[in-house]
Amino acid sequence: MSRYILKRLLQMIPIVIGVSVIVFLLLSLSPGDPAKMILGLNAKEEELALMREQLGLNDPIPLQYFHYMKNVLIGDFGTSYSTKQSVIEMIAVRLPPTLILSFGSLLTILIVAIPLGIALAVKQNSPFDNIMRVVSLFFAAMPGFWIGILMIILFSVKLGWLPANGFDKPSAMIMPIICSSIAGWAVNSRITRASMLDVIRQDYIRTARAKGLKESVVIRKHALKNALLPTITSVGMAVGGCFGGSVIMEMLFGINGMGKMMIDALRQKDIPTIMAGVIITAVIIAVANLLTDLAYSYVDPRIRSMYARRRTIRKEVAGNGSN
Amino acid sequence: MQKTLLDVKDLTIKFRTDDGVVEAVNKVSLSVQEGETLGIVGETGAGKTTTALGIMGLVDSPPGKIEGGSILLDDTDLLKLGEEAVRKLRGKEISMIFQDPMTSLNPVFTVVEQIAEVIVNHQQLGEKEAEQKAIEMLELVRIPAERAYEYPHQFSGGMKQRVVIAIALACNPRLLIADEPTTALDVTIQAQVLELMKDLKTKSKTSMIMITHDLGVVSEICDKVAIMYAGEIVESGSLEDIFENPLHPYTNGLFGSIPDIDKEVEFLSPIEGLVPDPSDLPSGCKFHPRCKYAQHLCRVEDPSFREYSPGHFTKCFVHEGKLSVKEVKKYE
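Going down the list, the sequences are from chains H and F. Reminder that position 318 of the first sequence reads as 1498 in my numbering, one-by-one numbering, no gaps. Reminder that position 284 of the second sequence reads as 900 in my numbering, one-by-one numbering, no gaps.
Listed below in structure tokens is the structure:
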């Protein structure tokens, strides 16, 4: 198993290199002069030339990339063109709200969608199931920012319960997290429901009932673990979505996160900030995908045995058993 | 005189579907004495499995519903007990082995977990002791202890079925219902599993209901036989009664469709026609469209289930003496 994890971690290197090359190329080839962005439109030509020389913009693009990545490897993401701050320091401030927003959304998806999906499957075709079918479709189809605007109108403007912007206290986090996850609740509860319905008709569920187990044990223990695979796939893919979606949520709710930082940096052609944001996002999404795959093998021993050699499993499992 | 363990009377199970009401089991009566093995034989769709699930209290509801009758275990009517009380009997007093071992085990738990679970559920044992007992059960069904911590996908079909048997026997049930336990297995493995079941039965003196469509299996293992057709029992009696002196034309038909190694015949003589659609059963005797002795009476009236000789029951007008058929021919 550890070999597999190591292999997957090594595979992240080409991913990060690929992403950074593409973004670096796009930024370098797109029009706009960073020196002008820094010194302003009225700067003299000599000052601009000096600035370009200082920034290394006169070097060939591959050399620029090489210099940049060399610094990244020693943990130096450079200085922002627009704010003149160290990029690392900027990210240290901007990353936590985005992480809280993204993983908070993910967590609420898990907490809401899985129990809801189970309940819908157990109460298949009940009025509750039929109503939720429509409600889910509605929330899956509505754009998050629109729901966000409606929520701001209701909860901030009319009722005054929750602040409309910022991300500094828990009450301010409620609306952004709900808005960015509500479509996920809808979609993932449907997926969990469908796979639960499939699983509870399986023969091994009948075997579990024939053992005289309580129905709640049959559902929670025997059915759920088998039904989780499609949900894990979907939630794993939602990680990227939550990160991307955080850009919109941060703009809407005025959160000083990575998404807002990236938008600002793009407008300024602030290459070091953009690059750092992209690389860090890529690493986080790659790690999340790895965690998803590890979750598969935790849930399904058949997948586990594809990863590891048979003998190591036997040892591992026997070890677990004798504990 | 042996004690009656299970006494099923007039059990009726119906399924309400969009296409109408399916009468899966219709007034089935059967009884099993302590230590005895009853075979239930019939074609696919005859209602054998539904009868078994009815006894287990596992008929899917909705759409299925037990509409009438009684199921006495000792002297307690299972149909009058609450869901919770029946649940406590399942796996402890009555166990069931299912048809397809490939799908009967949960793929995400080790086999020892799946056996230990039923022990923990019914006996006052800790996880550790239950696991120890589960390993003993595995060894009883001849699976080496070192394979206990493997998952079902690492086992062959025959071994999986033995795990299923171990689960069923883990709490020493008084009644074991085996629903075509060998159908999904290939012939050599079938023999092994049957041998194992016979062995375990003699050791533990468990009563058993063996559901099968294989008369060979019946002759190997059963003391009594009930023949089911279209949700009804058409003939029942001791193994000798059924094999030496089959009364009902359907029973005769079943024997006629088995190849005989001593005779050289070009064709088997199968029963003409198909099992009737259970949502649209024929009037009168359910077997009349396929019966070569059928007359007008059979189309309008349903024969009653009568004792022909002690312990040997059948449901046919020929044996009620109401039809002038010279003799129901023995199978050939």
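Heads up, the beta-carbon is just placed ideally off N, CA and C, and yes, glycines get one too.
Boundaries of the alpha helix (DSSP H) around R778/F: 773–785. Around the CB of P894/F, 16 or more other CB atoms lie within 10 Å, so the residue is classed as buried. In this structure, the straight-line span from the alpha carbon of D1213/H to that of C1359/H is close to 37 Å.
Neighbours of P723/F across chain H, judged by C-beta separation under 8 Å: Y1384, N1406, D1480, P1481, R1482.
E888/F places its beta carbon 8 Å or farther from that of G900/F.
At least 8 Å separates the CB of V934/F from every CB of chain H.
F929/F: member of the beta strand (DSSP E) spanning 928–930, first to last residue. Under the three-state reduction of DSSP, G1425/H is assigned to helix. No Cβ of chain H is located within less than 8 Å of the beta carbon of K749/F.
For a cut-off of 8 Å, the C-beta gap from L1300/H to M1312/H is around 6 Å, short enough to register as a contact. Residues of the stretch 667–686 of chain F with a C-beta less than 7 Å from any C-beta of chain H: M672, L674, listed in chain order. Pairwise C-beta distances place the stretch 1439–1449 of chain H out of contact with the stretch 1232–1252 of chain H, as fewer than three of them are shorter than 8 Å. With a cutoff of 8 Å on beta-carbon distance, T666/F and M824/F are scored as not near each other. Against chain H, a Cβ distance below 9 Å from G698/F picks out nothing, because the smallest value is about 13 Å.
The stretch 1361–1372 of chain H makes no contact with the stretch 1335–1345 of chain H: fewer than 3 CB pairs, one atom from each, lie closer than 8 Å.
With fewer than 16 neighbouring CB atoms inside 10 Å of its own CB, K1303/H falls in the exposed class. Excluding its 5 nearest sequence neighbours in each direction, V648/F has C-beta neighbours in its own chain below 7 Å: L621, L622, L654, L791, S823, I825, listed in chain order. DSSP lists D623/F, D693/F as the beta-bridge partner residues of L688/F. Nearest CB-CB separation between K1391/H and chain F: below the 8 Å threshold.
Counting along the chain, no alpha helix (DSSP H) covers I849/F; the unbroken beta strand (DSSP E) around it starts and ends at 848–854. Taking a 10 Å sphere around the C-beta of G853/F, we find 16 or more other C-beta atoms and assign the residue as buried. In this structure, F859/F sits away from S820/F, with a CB-CB distance that is not shorter than 8 Å. DSSP places L1281/H inside the alpha helix (DSSP H), whose first and last residues are 1267–1302. About 16 Å separates the CB atoms of L812/F and V727/F; that is not less than 8 Å, and the two are not in contact.
Judged by DSSP secondary structure, N1310/H falls within the alpha helix (DSSP H) whose first and last residues are 1307–1321. Per DSSP, the unbroken beta strand (DSSP E) holding G636/F starts and ends at 636–649.
For H1247/H, there are no C-beta contacts with chain F under 8 Å, since the nearest C-beta of that chain is about 51 Å from it. With fewer than 16 other Cβ atoms from the protein chains shown falling within 10 Å of its own Cβ, K908/F counts as exposed. Chain-order list of chain H residues neighbouring L689/F: empty, with the shortest C-beta distance near 14 Å, by a criterion of under 7 Å.
Relative to the Cα of F1308/H, the nearest Cα in the group E1225/H, R1400/H, I1202/H, R1373/H belongs to R1373/H. When C-beta distances to chain F are compared with 9 Å, every residue of the stretch 1336–1367 of chain H stays at or above that value. Counting along the chain, D1378/H sits inside the alpha helix (DSSP H) bounded by residues 1350–1379.
Contact between the stretch 692–704 of chain F and the stretch 632–646 of chain F is absent, with fewer than three C-beta pairs closer than 8 Å. Taking every protein chain shown into account, the CB of L1205/H has fewer than 16 other CB atoms within 10 angstroms, so this residue is exposed. With respect to V833/F, T798/F sits close: the two C-beta atoms are nearer than 8 Å.
Membership of K814/F in the alpha helix (DSSP H) is indicated by the continuous run 803–820.
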